[in-house]
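Residue numbers (this note's numbering): 3 to 151.
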């Protein structure tokens, strides 16, 4: 079963919930653009907004490289809140799993993870979390749907 998210260029819409430690869930919406420049290099931009809330938007700009076996990839990310980030991802039969770590962040030791579970060619279920040291600081769960081009 081939993945369409990340593995193909396209536009995706995200809608779900964001929860911060000791906070109530808030609505999050977003858009993701995936582009493949060459055979094994991709770029991805995601913008998350929080309608009706006072939380600032989050922008993530990825550049990644898919390994020759097409099962693993590495990426660098410029995150509007975290700064410079590096990470790795694995392409599993039903999911795309990635983890990342914030560069130059020895004091807080922030890391994160994301899982995108394939529902069908046009929809994925996204769950993710951000940690500081050993503690979760925020989580997000959402559906991601391919948009017509």
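The beta carbon of each residue, even a glycine, is placed where N, CA and C say it ideally should be. Since this is a predicted model, take the numbers as computed values, not measurements.
Which term fits residue i, buried or exposed, when burial requires 16 or more other beta carbons within 10 angstroms of its beta carbon?
i, result
"residue 14", "buried"
"residue 105", "exposed"
"residue 55", "exposed"
"residue 26", "exposed"
"residue 121", "exposed"
"residue 102", "buried"
Should residue i and residue j be called a contact, given that it needs their Cβ atoms to be closer than 8 Å?
i, j, result
"residue 30", "residue 133", "no"
"residue 65", "residue 28", "no"
Report yes if the C-beta of residue i is less than 7 Å from at least one heavy atom of the ligand PLP; otherwise report no.
i, result
"residue 139", "What this structure holds is no ligand at all, so the ligand PLP is not there to describe."
Over what stretch of residues does the beta strand (DSSP E) that includes residue i continue unbroken?
i, result
"residue 15", "12–22"
"residue 44", "43–51"
"residue 76", "74–81"
"residue 9", "Careful: residue 9 lies outside any beta strand (DSSP E) and carries neither H nor E."
Pick out whichever of the options has its Cα sitting closest to the Cα of residue i.
i, options, result
"residue 123", "145, 53, 49, 84", "145"
"residue 46", "33, 103, 22", "33"
"residue 119", "109, 67, 80, 147", "147"
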